[in-house]
């Protein structure tokens, strides 16, 4: 199934990357179909919990090497983080966490952790084999994070779709 990216391309209207990602997931999957994905870089949990609140058939692995439960608690997501059985937090570096997953076991991977060129490139290389439908992330084209754009462009070239809020996606 090909995604109609035209509805999600940047048009001057600001949409958060959470909304863009949710729209893509809802377009790709039937309401009764299980969706399993990974978010690399949980930080305060806002993306994870937006997705879980809006996509009931989603199971999400959050990977963050920082002890982010306190940060999540500050932003009101602690109960969801510890009680929602659809959310699994892995407190480790993404290079190690990837070893827990089998090839082609995830419907999608969202790369929004370490924004350096080296780590973004490693995250793409490490997580691409476990991903079935699409890989994407945030902060593409941001002057403060040139490594994200460089790593994404090197890996995918003209297959990259850039949407509102500097979100990038590649359908596999």
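Numbering (the numbering used here), first residue to last: 177 to 348.
Every residue gets a Cβ at the ideal spot worked out from N, C-alpha and C, and that includes glycine.
Using beta-carbon positions only, say whether residue i and residue j come within less than 8 Å of one another.
i	j	result
residue 213	residue 285	yes
residue 192	residue 210	no
residue 279	residue 306	yes
What do you get for residue i, buried or exposed, if any count of 16 or more other CB atoms within 10 angstroms of its CB means buried?
i	result
residue 327	buried
residue 215	buried
residue 208	exposed
residue 295	buried
residue 312	buried
residue 290	buried
From this set, the options, which residue's C-alpha is nearest residue i's C-alpha?
i	options	result
residue 337	330, 329, 346 and 331	346
residue 242	222, 221 and 268	268
residue 287	329, 277, 270 and 319	270
residue 321	310, 297, 197 and 280	297
residue 331	316, 313, 300 and 344	300
residue 265	220, 201 and 329	220
residue 323	293, 329, 339 and 335	293
Measure the beta-carbon distance from residue i to residue j and round it to whole angstroms, keeping in mind my assumption that it falls under 8 Å.
i	j	result
residue 263	residue 228	6 Å
residue 198	residue 230	5 Å
residue 317	residue 325	6 Å
Ordered along the chain, which non-local residues of its own chain (more than five positions away) have a Cβ less than 8 Å from that of residue i?
i	result
residue 260	228
residue 309	204, 283, 284, 347 and 348
residue 302	270, 271 and 274
Within its chain, find whatever has a CB closer than 7 Å to the CB of residue i; leave out the 5 residues flanking it on each side and keep chain order.
i	result
residue 224	215, 218, 236, 238 and 263
residue 314	193, 288, 342 and 343
residue 185	Note on residue 185: pLDDT 49, under 50, position unreliable in the model; no value is reported.
Excluding five sequence neighbours on each side, which residues of the same chain lie with their C-beta closer than 6 Å to the C-beta of residue i?
i	result
residue 281	306
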